[in-house]
Each structure stands twice: as structure tokens, then as C-alpha cells.
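*Asks:* In our numbering, the protein residues as written are 7 to 295. For every residue, glycine included, the Cβ atom is placed at its ideal position computed from N, Cα and C.
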Amino acid sequence: MSEVTIFGLGLMGSALAKACQKDGVPITVWNRTIEKAEALKPVNVSIAQTISEALAASPVSIICVDDPSSVLTLFGNSEIWSHLEGRTIVQLSTSLPKQVRQDQTWLTERNADFLYGAIHCGPQDLGTKDGHILFSGPSSVYKPVEGLLSHQGGKIEYLGEDIAAVSVLDLAWLSTRFGEFIGMLHAANICQSEGIELQKFIEMFPDNARIQHHVGTIRDGTYDQRTATLSVWRASLELMKQQAIDAGMDAGFPNLVGGLFDRAVQVGYSEEHVMALFKVLRGDAGTVD
């Protein structure tokens, strides 16, 4: 039996697997396309052919896929439920607070434990001192797996018993990121419209790595170099919209920003860096309504 099963081998899921491998942790992996699993170094890794096999292989399973409903998507088939009993499921897919609470109830009814987490670093940081993941859920579930989770980096934080706490804080954090994006995009547009080099703007923020990176991406046009695509950020924005609806909040901010993202997707920038939004603002793809 391996120590942990990882469901999903995108950029983040693969980084989670490699961090475990680096520390000698035996793992099982499952992915919808087997090629991504086979691409991992064959060190301390087993490849599960089915979801049932993947669950049965380890006492702990980590989910990291682009689907906020992935608990039910993966485990909804009643034939799988017997393999859930006694397992700990760690959800790292970005999900709504309502969904996280529903997942906990659903898994508890099937005698499985549940933790929710949010990755707050790039895939290149996982397994290093800069690896940063937030977790929430029952301490009785977190404590036994704390050592296992620590292989993902030096900043593993437990935020308490409320299973949805990390989901709420993650959406709040994402809201600030979208605000930064729009501010940086408009700033770059101001500079270029008045003939000021973007490098001069970047030099105003010698201690702000995010501005240096994001505005530098616009300066250099390196929209193909990204750890998270524009479409991944857009998916998070859709969750922010839905959370506002669920909570009876005004959704003006995510709706406004969402119009820009929608236009970028329509003209083919889905797989580019989020700063490819600048090409829409600049008018490369026409004006934004």
C-alpha cells in the first residue's frame, strides 16, 4: 500500500506527486489520461487504472483537478463507495464554500474523513520552503496527516475546524488578485498610450515581485509562459460569481471583470498567461463593451 493517492496530474497535481517522490513517499496516481501518469519518474509511484484501485491503494487521497464538484464527479458511483470507508480525502480543487460543506456531509455519510485545502503558490514551489497550502477541517482528521502534508513545503497552515474556512479565505484572496490584475493592466495601458516604457513603471516597484513579473510579461509579450492559464483564472472568477449569488451579495465586481475574461476567451487567449487580457484592453481583439 502507498501512503497517498493523488487524483489529477495537471501542473499542480504533478508537482504534488513530484514533491512526495523527492522525499521518498510511496504514492499512487490516477489521471483521466494515462500518459500524464506514465510521464512521472518511475520512483516510488504506482499507476492506478481505475478510481476504485486508486482509492484502495492508500489511506489518504488528494484531489487536484479543475472541477469544484470533483468529489462527486470522481466518487459518485455507488460501486466505489465501499473503498471510501476509513479513508481521508483531501480536496485541493478550488471549490465554493457551499460545495465544501456538502462534500464533507456526503463523505461523512460514507464513513470517510475530509479536509479542504488551497494551494497558494506556484507548482514550482511545492516541495520547497516556499510551498504554501492552507487547510481547514476537523483537527482529529488533520493531525494524523500533518506529517504527510508537510512534504509539500515549508508553509503548511492549518486554519481550524470550520471545513469551509479555507474556501472562503481563498475566494477572498482571489478577489484581491483580480483587483491587482485589472490595476496592472490599466497601468500598462496608460504607459503605452502615452509613450512611456513599461520598464520605467516596473522600476517604481523594486520590492513587488508580482508587478515585476506580470507587467514584465506584458512588456516582453511572453504570454505563452505561465503556470496557470487565463482559463484557469476565469474558472475561479466563475466561482466568485456563484458565491456572491449563494450569499445574496452584489456580484458587480466579478461580473465586471468577467466580461473582460469572456472576451479574451472568445478571441482565443484561453491557454495564455492571464496578462494576455492586455491585448483585449489594447484593442488587438476589438473594443470591450
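Starting from GLU163, follow the beta strand (DSSP E) in both directions and report where the run begins and ends.
*Replies:* Within the sequence shown, residue 163 is the residue found at index 157, counting from 1. It spans 159 to 164 - the beta strand (DSSP E) in which GLU163 sits, taken as one unbroken run.
*Asks:* Can you give the beta carbon distance from PRO74 to THR100, rounded, assuming they're within the 8 angstroms contact cut?
*Replies:* In the sequence shown, the residue the question calls residue 74 occupies position 68. In the sequence shown, the residue the question calls residue 100 occupies position 94. With 8 angstroms as the limit, PRO74 and THR100 qualify as a contact, their Cβ atoms being about 6 angstroms apart.
*Asks:* With respect to the alpha helix (DSSP H) encompassing ASP109, which residues constitute its N-terminal and C-terminal limits?
*Replies:* Looking up residue 109 in the sequence shown gives position 103. Annotation for ASP109: the continuous alpha helix (DSSP H) segment containing it runs 103 to 114.
*Asks:* Just grab the DSSP bridge partners of GLY123 for me.
*Replies:* Here residue 123 refers to the residue found at position 117 when the sequence shown is read from its first residue. DSSP, once it has assigned bridges, lists PHE141 as partnering GLY123.
*Asks:* For ASN117, count neighbouring Cβ atoms within 10 angstroms of its own Cβ and tell me buried if that reaches 16, exposed if not.
*Replies:* Counting from 1 along the sequence shown, the entry for residue 117 is found at position 111. For ASN117, the number of other beta carbons within 10 angstroms of its own is below 16, and it is reported as exposed.
*Asks:* Output the distance between the C-alpha atoms of PRO260 and ALA178, rounded to the nearest integer angstrom.
*Replies:* Start at 1 with the first residue of the sequence shown, and residue 260 comes out as number 254. Start at 1 with the first residue of the sequence shown, and residue 178 comes out as number 172. When only Cα atoms are considered, PRO260 and ALA178 end up about 12 angstroms apart.
*Asks:* Which residue wins for smallest C-alpha separation from LEU61, given the options TYR164, GLY227 and LEU80?
*Replies:* If you number the sequence shown from 1, residue 61 lands on position 55. Ranking TYR164, GLY227 and LEU80 by Cα distance to LEU61 puts LEU80 first.
*Asks:* Would you kindly work out how many angstroms separate the C-alpha atoms of SER242 and ILE224, rounded to a whole number?
*Replies:* What you label residue 242 is simply residue 236 of the sequence shown in a count that begins at 1. What you label residue 224 is simply residue 218 of the sequence shown in a count that begins at 1. Whole-angstrom Cα-Cα distance: 22 angstroms.
*Asks:* Just tell me which of GLY123, PRO150 and VAL151 has its CA closest to the CA of LEU140.
*Replies:* The sequence position of residue 140 within the sequence shown is 134, counting from 1. Comparing Cα positions, the closest option is GLY123.
*Asks:* If you pair each beta-carbon of the segment 83 to 93 with each one of the segment 139 to 157, do three or more pairs fall below 8 angstroms?
*Replies:* no
*Asks:* Taking contact to mean 3 or more Cβ pairs, one atom from each stretch, closer than 8 angstroms, check whether the segment 246 to 266 and the segment 199 to 217 are in contact.
*Replies:* no
*Asks:* If we count the other Cβ atoms within 10 Å of its Cβ and call it buried at 16 or more, is ALA45 buried or exposed?
*Replies:* Reading the sequence shown from its first residue, position 39 is the one you call residue 45. Counting Cβ neighbours within 10 Å, ALA45 comes out exposed, since fewer than 16 surround it.
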